[in-house]
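When the count follows our numbering, it moves up by one through the sequence shown with no breaks and lands on 57 for the last residue.
Positions of the beta carbon are idealized from the N, C-alpha and C atoms, including for glycine.
Just below is one structure, and these are the notes that go with it.
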Amino acid sequence: HGSVAGTALEVPDDLVRLSVGIEDADDLLADLARALDHSQGSQS
Numbered sequence: 014h015g016s017v018a019g020t021a022l023e024v025p026d027d028l029v030r031l032s033v034g035i036e037d038a039d040d041l042l043a044d045l046a047r048a049l050d051h052s053q054g055s056q057s
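Here you go:
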């Protein structure tokens, strides 16, 4: 978060934050798997 940059509360660059709602758990897992695949260059 920009308001804590440069402080002990600063979020590390390698942290992945997930914000989810009331979606079906299987849909969330599929979306996450697709995003991780995409981030590593796999376009399946």
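Could you give the first and the last residue of the continuous alpha helix (DSSP H) run that contains A21?
Here residue 21 refers to the residue found at position 8 when the sequence shown is read from its first residue. Note, A21: premise wrong, no alpha helix (DSSP H); not H, not E.
When you compare the CB positions of L41 and V33, do they come within less than 7 Å of one another, or not?
Counted from its first residue, the sequence shown places residue 41 at position 28. Counted from its first residue, the sequence shown places residue 33 at position 20. Result yes, Cβ atoms of L41 and V33 sit closer than 7 Å.
From A38 to S52, what distance separates their C-alpha atoms?
Your numbering for residue 38 matches position 25 in the sequence shown. Your numbering for residue 52 matches position 39 in the sequence shown. If you take the alpha carbons of A38 and S52, they lie about 21 Å apart.
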